[in-house]
Structures are given as structure tokens and as C-alpha cells.
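Note sheet for the following structure.
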Amino acid sequence: MREHLLKISVSGIRGVVGEFLTPGLACAFAQAFGTYVGPGRVVVGRDTRSSGEMLERAVACGLLAAGCEVVETGILPTPTIQIYVEATGARGGLAITASHNPPEYNALKLFNSRGLFFNNYERSELLDLYHQSEFRHAANHEIGVVRRDTTTARKLHIGRVLDCVDPRRIRERRFRVAVDAVNGAASEMTCDFLTEELGCELHAISVDPTKPFPRIAEPRPDTLGDLSTLVRERGCDVGFAQDPDGDRLAVADETGRVLDNDDVLALAVETALDRMGGDVVVNLTTSSIIDEIAGRYGRRVHRTPVGEANVVELMLAVNAVIGGEGSNGGIIFPRVHACRDSFTGMAFILDRMAATGDTASQLAGRLPRYYRRLGKVTFEHGKLGALMQALEETFPGAAADRADGLKLILPDAWIHVRASNTEPLLRLAAEAKSPERLEDVYGTVTRLFEQS
Amino acid sequence: MADKSLRISHAGLRGVVGNGLTAAHVLDFAAAFGTLLEPGTPVAIGRDPRASGAMLREGVVAGLLASGHDVIDLGMVSTPVIQHAIRRLDAGGGVSIGASHNSADWNALKFFGPGGIYLSTAQAGELLDIYHLRRFDFADWRAIGALREQDDAIERYVEELAEHFDFDALRRFLVVADCCNGTSSLILRRLEQRYGLRAILLNERIDGLRFAHEPAINREMVGLQLAPLVKPLNADAGILFDVDSDRVGIATEEGDPISEEMIQPMLADHLLPRGPGKLVITNLSSTALLEEIASRHGGKVIRVPVGRQAAIDALTGYRPDQIALAGEGTGAVMMPEFRFVYDGIAAMLAILTMIAERGQKLSRIVGGYPKYCMMKTQLPLVTSRIPELLMELQDKYSDGKVTVIDGLRVDWPDRWFHVRVSQTEPAIRVIAERRGEEPRELFEELVERVRRLA
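Read top to bottom, the protein sequences are chains E and F. Here the first sequence stands for residues 2 to 453, numbered as in this note's numbering. Here the second sequence stands for residues 22 to 475, numbered as in this note's numbering.
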């Protein structure tokens, strides 16, 4: 497999820092960004990666060179930065974070004036500017300053989350909460949020933003062993884990079992629909549990291609109350902000526990039961069409959705096959009502791929 | 001349921000410098008040951090302050962000090696090679540097000045200083607060957008705002600084602006008696009064090509204790006590010390020297005809002593001329000087010949 040491694409710029992702590239990209959004305030924040400060300086250089004024938030979670962009009327913002990628990577996430990820049109226009080096070059009198505001953003964010739950009810329960923030951007804010705002008894590991990531950055059941142990040893009610930029959330119940991310999203959807009107938007790979829950409340579920920007775009179009991307731990709740937000997720889970008096395992146990399996296979680009056709012919009775790769929907199961945006591989997802049916469907697909 | 302005040379990077000098140049130069320096050493940086300095600073920091150097940002400080901090902090090198005597829309990067000394031509050439090859040694993600800000550089600098100058003796003088909205005011204010140096400051306000006047050091600029105020304010001297205070110009207590050419002879006269037989390093275009003063004190003048780089390279040929003074006729001087840093503040203090020691007014000291009259001009250039021109002049004036290390200089006992190609503009410079009176005939003849050929 080719290693993607540097990728400049419509998703922005991402790569291994040093030889590949250089300060020069980051600076040029930022100058293209500054040229695109125009002279005015641009927010810059970052996660805790060792390359963060260097890239922060390079990005500030490019923005100033384009005639922008830079407002630096320092180390903050991505959703917090996005909220700050929108609330302060900035022209746009950049988060310097490679999200859940390994520590040698870094990347730039780009936001428009509403604090939303650049949509496809914005991204391709920006990319054209970058490739053509059509930069605005500010003269001495047009060059702005760098201001620093490290406090406003977190207050804004926390305030919005607290407005959407019942903090008093949560505080009264004095939950014992375990946290693993992977020493990431959310470390300090999560501790403050849980103790000071929600009155929890905190048992935290990996909440030192000056230290490297102690585990694989993506919060998944197989990477959260330490959190599970912590929950069990300290007798916690629940455990939360984040990724380095604090947009993704994973949850462990009181037994230390890390819940499936689709189940976490389902609990958040339940919490939201229980109190508020509106539809739900999820990506094609998200579990059918969401359809079942929405059905109980008489709401509609809209499906989009994979990718936060896609989900957010449709959520705003249909004025959805909540949405997300199940498999990757993203809960999107527009009343706080139309982005993935681990803080909303934590507040919703605690609020649900407080409202029902149930334990985390009881809440998860009451969700409709589905069996899921995810996988990935490498593929050759030229053969993809034929492969998809063969797949469709294998399941003649299925309804097909071609919005993002191919999703085949059967009465008791579905299969979704799509090419990854970030790596040269195919991602497979299958879900069924029973483990036998899942193995049957998943096995059929993998055999098909092996033959070709 | 070209609309876009960018100069990449041994002196570093210089240009008009947004119209020639871009963020990409800054980052690449900083990364090249980080690659040149001893790996892993810290680098001290600082900047002058130009607004674009904010942008350049970010680029410099990013390039250095990425190449594995910790960065110590000294903030808005004069170039000599940065150079002394490099040595004091035992840094691997340093960068001064500022365009000194250029107008506000320009900016520049100047690079220093360990000890705060200027890069030699060989080192500067290596830096340029790395820059042009764009083969930077970027650090692994685990070895990227960290940035720290340090705000005590001016304080430590004035303490070092106090070790060398007797402020008890200098306190009785009043100086009027034109700071040209640059960083010299920060130093002068500290010298006033800590050591009682009395100074009235003009154009004190730090301004990144416009300077009260062209930030050049010459007689005309001294005469513009500063000189007329010296006498009414009853001051002992008027001192003009450029934006980063590495040069000085002076006016007497009578309010007469003095040619920047006089700084070197005065300081040579002040410093040479302390160590007879010492050397003064200067360039081929500066006044012959230097030779006359040096011979009085048993010293010697070494003349090198015009430009900072030549003076810097010349220093490496001697032991520091052999040299009394090095500099140019532009008001830029380096003294061995100050580790050969071009330093306008130290030059000012040396001049005040001279007044104190001699017990004479500045006008008396200046008036006491024999009169040398210099005429200079600049003419357009046709590059291809320069060798022909220089050969013809050499033939014509073969009765004098000929020096050909930088254009052509011819010396006679009472007069000399120097014809050379400008390093900064497409032009030929013609300079002639004569003891006692203007070398009008020689000068006009030279100009005529250059016009005809070039």
C-alpha cells in the first residue's frame, strides 16, 4: 500500500510533519485561505501535537501575509474553535490538528465564517487558489496583528452545552466519571467541564496537554483498555474518551465495556428526540438503530455520504435536531454547533443517566439490538466499477443507494461498500438483525472481493 | 528600476513586503538558516517596529522550529541588542527582522552566527546555497523546537553598556536624540531611568507604518529636525539613530549637522591613543582624514572594499586586540569592547565620553580636525562597459597610487578618487576628496569620462 505521507486535497492538507508537511506548505496554504476569505479576522487554534506550535506560527505567517488579522485561541478542541469562529463573526478559522491520526501527522481543518467545515465548492475554490499561487500579498500598512484569546471560546462552548441539558439534575447525582483525553486538546476543558459545571467526581488519565499521546489516538474499544481498567478499579458510573482534537467521543459503561460508537450516537439521539422536535441526519454507514429510535418518535432519518461536511450540510438544509456519524464517534447537535462535539455527547449521556436513573449499561442494553461488522480491503482503482456491479448482482432483491459507493439494503440487513477518501482502500460495513445473518452477508461480500 | 523589489544577497533577504518579499521567502530563508546552524542550538530573534515584522516574525519562528531549533523571541529590540543577547544566551545564532535605514514598506532578515557576530562571506554563501537548493534539514516531529519569549534583552544590554561607560561622567550632558520612530528610544529611556543619562527624545513613538522622516543616516537628515533643536534646548549634542539603531549621525551643540563621514575619524581619534599601533579598518570610499589621524597616533588604516561584508571578513584576519575601530563612512562603527557589533548607542556613548575626557565642546572637537572636502555622485550604468571604463581611468591617472580591489581607487598625497559599481542599485558611484578644498576639477573630469563611457 502507498503511504500517504502528504495529501493536499479538498479535505485540506495533511501529512507527516518534517520532510513532507513543511512549514512552507502550511504557510502557503494559509495564505491561500486568507486570500479566499479576505482581509479580516481569522481564528487559529490547535491540538497538542508536538508540531502544533510550529505550524501555528507558519499559518499565522501566511494569514498575516494575506492581510488577515489573526486571533489565536491556543490549544482548544476543534468544536470549541468552530463555535468561536461563528460567535465572533470572524471571516473563517483553521484548526491545526490531524484529529485521530498518529502523532507524526498533522493537518489543517478549514472553517468558513459560520464556523462550518468548508463545503465542496469552497474547498475546490481554495485549492485552485493554492495551486495557482494566486495569493494576496499585503503591503506593510495592510498587515495585521496576532491577538490571543484563550478564554472566551471555552466559555461560549460550555455555556451552549449546559443550555441544552439539565445541569442541576446531573450535579445532584455526583457521578463518578472516568476520563481519557489522550493528552489532547480537550484535556483541561473536559476536566473543568465535568467537575466544575456538572459536579462529577473525576478520575482522569491522560489529561496533560504537554505530554505525547499515550495510546493510539483514535478512541476505539481496542485502544481504551486503560480507561476500562480505570472505570472498574475506581467503580465509576461511566468513562469518556476523546480523540486529540476533542470532536470524537467514546463511552465506557460502569463495567468498563466500551460501547459501540453507533450505540453512543443512538443514546444521544434518544436524549435529543425525547426533548425536542426535528429530524435526524446520519451517514449511510450508521446503524439502523437510529431509524428505529426515530420511528418511535415519529421522526425522519435522512442519510448522506460519509463525511462530517456532508452530514452537516443536510442537517442545516432539513433543520435537523441531531445527527452524526455512528462508526467514528461523532455526535452533531446544531443547537450547540453544527459540528462533531464530544462535550455535547458527554452532557447528553450524563443527562440521560440522570433523567432515567439507569446505569450506562442499562441504557445501552435497552437499545434495539443489531450486529455490525466493519472492515477494509485494498483495491485497484480500475476494477471498482465491475466490483460494485458484481456485488449488486449478488443481492438481486436489495434496494441500492449509490450516493456514496454502494449501499444495498435488504429487509433484515444492509451492506455498504465505499472507497475511502483518505486512504487507497475500500471500507466495508454490514449490519444485520442476527449474528448469523451478519456473517452470511459479510462473508458473501468478502468472498466476492477475494475472487476478484 | 523594477517595480518589484527583492534582494537576496550575502547580507540576507531584503525587499518590499507584498511587492517582492513574500512569506514564502521568509520561511525558506529561516529554514535554510536553521539548516546551516549547529543542529539543536537555540536561536535568538528580534524585530524592528515595521508592521510587516509581525508576519516575518511568524515565518522566521516557524522555519526555525521546524528545523529543530528552540527560538528565543526578544521582541521589538534593536539589532545590536539582539547580537549581544545571542552571545549572552549562548545561542547558536540569531535573526534580526528589520530593514534598518530603508523606508517603512521594506523589511529584511539579517543573520548572525554564534557570539552574535556577522556571518562571514563563506557562511553567507553557504546559507544562500541551502536556500537556493531548498534542501532543508527539517526535524523529526519529536525534535521540533519550542518558542519562548524573553523580555529582558534591553535590560541586560544596558547593564553591559554600564560596564564599559562611566555614566557618572556622562550624566552631566544633555543629548537630543532623533529616534526616527525606531527602537533606540527603548534603550535611551532605560539608560535614563537606570543610569541617569539625560536625553530629550524626538520621534520617540514606536511606529510600524510611517517614520517621521526617511530613516537614513546622513547630514541632510541630521539637519532636518534634529540639528535646529540642539542649541535652543541647550544640549551638548544631537544624535540621529536609524530605525534599528546600528548607526548614528551627529549635530554639534551649536546645531551644526556633521557629516556621517566624521564619526569614524572622531572615534579613531578617541580610541587609537589607548593602544598605539592599532588598526582602523574602513572601506575605500571613506575619508582620508582617517589616515592623517591614525598616523598621529602611530596607528594604521586598512582599507577594504565597500560593504559590510568586506569589513566583517577583514576582521577575521586580525586578533581583536590589534584593532581599535572598524566601520564605514555611513555612521556605522564597530568597537572591540563591544565585540565588533555595529552599534549606534555605543557610538553615541563613546562620543560623549570623548567630550567628557577632553573637556571640549563637540563643535571644538569637530572643528579641530583638518578640513577634507568630499564630492560624490551616482551615474547610470551600462554593465558591459565597466571593464573598459576602469581601464581607461587607470591609464589616464597612472601617476597616482592605484588600488583595484573594488572598482578603482587612485590616491595622491592631497587627494583621491574612487569609482565603483553600486551593490544596491544599477549605478556607478564616483567619489573624490581633497584636503583643504573641493576636488572640483578632478571630480568633474571623472564624471565627464564616466558619462561618456558608461
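We treat Cβ as the ideally placed atom computed from N, Cα and C, and that holds for glycine. Predicted model only: the values in this text are computed from it and were never measured.
Boundaries of the alpha helix (DSSP H) in which residue i is found, first to last residue
i	result
glutamine 452 (chain E)	436-452
glutamine 83 (chain E)	79-88
serine 99 (chain F)	Unbroken run through serine 99 (chain F): none, as it is neither H nor E.
glutamine 32 (chain E)	24-38
glycine 44 (chain F)	The sequence given here places alanine at residue 44 (chain F); glycine does not occur at that position. Per DSSP, alanine 44 (chain F) belongs to the alpha helix (DSSP H) from 44-57.
threonine 273 (chain F)	Premise fails: threonine 273 (chain F) is in no alpha helix (DSSP H) and is neither H nor E.
arginine 161 (chain E)	153-164
asparagine 121 (chain E)	121-132
glycine 84 (chain F)	74-87
glycine 41 (chain F)	Where glycine 41 (chain F) is concerned, there is no enclosing alpha helix (DSSP H), given that its DSSP letter is neither H nor E.
cysteine 62 (chain E)	53-66
glycine 365 (chain F)	365-379
Cα-Cα separation, residue i to residue j
i	j	result
valine 196 (chain F)	glycine 217 (chain F)	12 Å
alanine 27 (chain E)	leucine 65 (chain E)	13 Å
arginine 436 (chain F)	glutamate 313 (chain F)	12 Å
alanine 347 (chain F)	leucine 34 (chain F)	24 Å
aspartate 264 (chain E)	glycine 324 (chain E)	13 Å
serine 125 (chain E)	histidine 303 (chain E)	26 Å
valine 47 (chain F)	arginine 115 (chain E)	32 Å
glutamate 439 (chain F)	alanine 331 (chain F)	Looking at the sequence shown, residue 439 (chain F) is not glutamate but histidine. Roughly 16 Å separates the two Cα atoms.
arginine 15 (chain E)	asparagine 184 (chain E)	21 Å
methionine 2 (chain E)	threonine 447 (chain E)	Note on methionine 2 (chain E): pLDDT 36, under 50, position unreliable in the model; the coordinate value appears next. Straight-line Cα distance between these residues: approximately 19 Å.
leucine 336 (chain F)	lysine 417 (chain F)	34 Å
methionine 22 (chain F)	threonine 23 (chain E)	Bear in mind that a pLDDT of 40 at methionine 22 (chain F), under 50, signals an unreliable position, so the model cannot answer this.
aspartate 48 (chain E)	glycine 67 (chain F)	27 Å
glycine 13 (chain E)	proline 341 (chain F)	55 Å
serine 207 (chain E)	threonine 142 (chain F)	50 Å
C-beta neighbour in chain E for residue i, strict 8 Å
i	result
valine 47 (chain F)	yes
methionine 412 (chain F)	no
tryptophan 162 (chain F)	yes
aspartate 263 (chain F)	no
glycine 84 (chain F)	yes
serine 26 (chain F)	no
phenylalanine 159 (chain F)	yes
methionine 76 (chain F)	yes
leucine 130 (chain F)	no
valine 98 (chain F)	no
threonine 204 (chain F)	no
leucine 230 (chain F)	yes
glycine 319 (chain F)	no
valine 64 (chain F)	no
glycine 421 (chain F)	no
valine 468 (chain F)	no
is_contact[residue i, chain F] using C-beta, thresh 8 Å
i	result
leucine 65 (chain E)	yes
alanine 253 (chain E)	no
asparagine 141 (chain E)	yes
glycine 19 (chain E)	yes
alanine 24 (chain E)	Here residue 24 (chain E) turns out to be proline, not alanine, going by the sequence shown. Proline 24 (chain E) counts as touching chain F.
isoleucine 144 (chain E)	yes
arginine 58 (chain E)	yes
proline 104 (chain E)	yes
glutamate 54 (chain E)	yes
Beta strand (DSSP E) segment containing residue i, residue limits
i	result
arginine 1 (chain E)	The question about residue 1 (chain E) has no answer, for chain E in this structure spans 2 to 453.
phenylalanine 334 (chain E)	331-334
isoleucine 13 (chain F)	An answer regarding residue 13 (chain F) cannot be provided, because it is not within the stretch 22 to 475 covered by chain F.
glutamine 399 (chain F)	393-401
serine 10 (chain E)	7-10
serine 30 (chain F)	27-30
threonine 424 (chain F)	422-424
Length at least 4, wholly inside the segment 345-399 of chain E: the alpha helix (DSSP H) runs in chain order | 361-366, 385-395
For the 8 Å Cβ check, are there 3 or more pairs between the segment 373-390 of chain F and the segment 435-450 of chain F?
-> no
Please specify which runs of the beta strand (DSSP E), each continuous and at least 3 residues long, are wholly inside the segment 274-323 of chain E, giving them in chain order.
-> 281-284, 302-305
If you scan the segment 186-220 of chain E from start to end, which runs of the alpha helix (DSSP H) of 4 or more residues do you find wholly inside it?
-> 188-193
The segment 213-224 of chain E touching the segment 238-251 of chain E, judged by at least three CB pairs closer than 8 Å | yes
Check whether the segment 47-64 of chain E touches the segment 157-173 of chain F, taking contact to mean three or more Cβ pairs, one atom from each stretch, closer than 8 Å.
-> yes
Mind listing, in chain order, the continuous alpha helix (DSSP H) runs of no fewer than 4 residues lying wholly within the segment 109-158 of chain F?
-> 142-154
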